[in-house]
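J.: Provided herewith is a single structure, encoded as structure tokens, for subsequent inquiry.
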DNA sequence: GGAATCCTTTACCATTTGGTAAGTGACCAC
DNA sequence: GTGGTCACTTACCAAATGGTAAAGGATTCC
């Protein structure tokens, strides 16, 4: 509910009703609404990091690893769009929440950046700005699952067929961005 | 404020304080909070559509027009990130808001889809799914300006230099996606 | 059986929130 | 100058919201 309707848009009474308990039951298990939010954000960030690290551990650094991570990230986004929604929600919260979430995600981001960077150094990947690659991929993966309005605007719905298509689009973007065989995209 | 903190996260008192008036002044000019929201959404959608149509009118259909529209969209997103924020906020609102905003945006989306489609038919563009092109571009443009947390995670900030880089990334994506000279990305 | 702990509930409460009603001053027509 | 409209304010209000306090019920331990 935090992800779908926003933290401010979700009252403890709404939440409790959804769970079939009273608001006080929630406040018994969690210090406050903010305390609940902190734990939810922590779980979400941890799950995201775990998924990415697990995928990264499957292959050695290189194109196969990039594919593996992208697939895992996309699958997670489709399977758990609430995680993406939460991630987006963070930017509207207090700076404290931003920094605490960022602290969890930063290592995996830095790992990805350095992996891309060293891949470019060794010639496996075409040289470009790893930050742009990462940012663009993030936007592609999250934008598609977190914006149902955009999907319906182009006349699509997030079914299995669409998911496969969208995943291909993400992977294609990574391939054309990283494959040294392609020309540089700048004109 | 609706875009940054969300509609639910913005009280009329917050808004009034920001404007230096009282809440009742707002309610004098607008029927209710929802009435205000409707007008704000209408203005935002109209501005978005106007910008895109204006850009589309500069060139004839083809690669130049695609570039023109993409540049205009990106410039608008950078200059008015609140428009992007509002667009994202729509999906958490009532279905009535969704449909009314969609009604304004739908024509321009359909125009874009058919322009891409006919360009593919005539061989100007490489054949692929226009919906994916549009959706991906939308994600790229909006994701980058609407997610400051992601930007800081990769160690960037949205200054002029970064904006130019990001715009190039968007344009490159469109070029490699539409240019018939490139191989198809599917592997 | 009784005590204690755990979980949940019913009662409340202060504050915030969207909204109404009734004024008040400025400006304008005549 | 006087009546009327416009823009805005003060004064309220009912409902919702986050949170506290206290009171059951289970379950477990002895």
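Residue numbers (our numbering), protein chains in the order written: chain A, 1391 to 1577; chain B, 1391 to 1577.
Each residue gets a CB set at the ideal place from its N, CA and C atoms; glycine is no exception.
1. With a threshold of 16 other CB atoms inside 10 Å of the CB of residue 1448 (chain B), please say whether the residue is buried or exposed.
2. Buried or exposed: residue 1550 (chain A), going by 16 or more other Cβ atoms within 10 Å of its Cβ?
3. If we ignore side chains and look at the alpha-carbon of each, how far apart do residue 1563 (chain A) and residue 1417 (chain A) end up?
4. Going by the CB atoms, is the gap between residue 1544 (chain A) and residue 1521 (chain B) shorter than 8 Å?
5. List the residues of chain B that residue 1431 (chain A) touches, going by C-beta distances under 9 Å, in chain order.
6. Flag residue 1538 (chain B) as yes if its beta-carbon sits less than 8 Å from any beta-carbon of chain A, otherwise no.
7. Can you grab the Cα-Cα spacing for the pair residue 1437 (chain B) / residue 1505 (chain B), in whole Å?
8. Check whether the Cβ atoms of residue 1461 (chain A) and residue 1514 (chain A) sit closer than 8 Å, and answer yes or no.
9. Can you check whether the C-beta of residue 1394 (chain B) is within less than 8 Å of a C-beta belonging to chain A?
10. At a CB-CB cut-off below 9 Å, which residues of chain A make contact with residue 1399 (chain B)?
11. Could you confirm whether any beta carbon from chain A is found closer than 8 Å to the beta carbon of residue 1528 (chain B)?
12. Strictly under 8 Å for the Cβ-Cβ distance: is residue 1510 (chain A) near chain B by that measure?
13. To the nearest angstrom, report how far apart residue 1398 (chain B) and residue 1569 (chain B) are at their CA atoms.
14. Throw me the rounded Cβ distance for the residue 1529 (chain A) and residue 1533 (chain B) pair, which I believe falls under 8 Å.
15. Give the DSSP-derived three-state secondary structure of residue 1396 (chain B) in the structure shown.
16. Below 7 Å CB to CB, which residues in the same chain sit around residue 1483 (chain B) once its five sequence neighbours on both sides are set aside?
17. Looking at chain B, which residues of the stretch 1491 to 1523 of chain A have a Cβ within less than 7 Å of any of its Cβ atoms?
18. Assuming contact is defined by CB atoms lying nearer than 8 Å, are residue 1406 (chain A) and residue 1415 (chain A) in contact in what I supplied?
19. Using beta-carbon positions only, say whether residue 1445 (chain A) and residue 1526 (chain B) come within less than 8 Å of one another.
20. Measure the alpha-carbon distance for residue 1480 (chain A) versus residue 1485 (chain B) and round it to whole angstroms.
21. Who are the neighbours of residue 1555 (chain B) on chain A, taking C-beta pairs under 8 Å?
22. The alpha helix (DSSP H) with residue 1423 (chain A) in it runs from where to where?
23. Quick one: is residue 1439 (chain A) near chain B, going by C-beta distance under 8 Å?
24. Measure the CB-CB distance between residue 1475 (chain B) and residue 1394 (chain B) and report whether it falls below 8 Å.
25. Please classify residue 1411 (chain A): is it buried, with 16 or more other beta-carbons within 10 angstroms of its beta-carbon, or exposed?
26. Along chain B, in chain order, which residues have C-beta atoms closer than 7 Å to that of residue 1563 (chain A)?
27. Compute the distance between the beta-carbons of residue 1536 (chain B) and residue 1471 (chain B), then report whether it is under 8 Å.
28. Could you say which of A:1542, A:1473, A:1435 lies nearest to residue 1489 (chain B) if we only look at CA atoms?
29. Taking 8 Å as the cut-off, decide whether the C-beta atoms of residue 1561 (chain B) and residue 1498 (chain B) are in contact.
30. For the alpha helix (DSSP H) containing residue 1508 (chain B), list its first residue and its last residue.
31. Do residue 1427 (chain B) and residue 1392 (chain B) have their C-beta atoms within less than 8 Å of each other?
T.: Quick answer:
1. exposed
2. exposed
3. 46 Å
4. yes
5. Correct list: empty, because the minimum Cβ distance to chain B is about 12 Å.
6. yes
7. 21 Å
8. no
9. yes
10. 1396, 1397, 1398, 1399, 1482
11. yes
12. no
13. 44 Å
14. 3 Å
15. coil
16. 1397
17. 1492, 1495, 1496, 1499, 1503, 1519, 1521, 1522
18. yes
19. no
20. 24 Å
21. 1519, 1522
22. 1423 to 1448
23. no
24. yes
25. exposed
26. 1563
27. yes
28. A:1542
29. no
30. 1485 to 1511
31. yes
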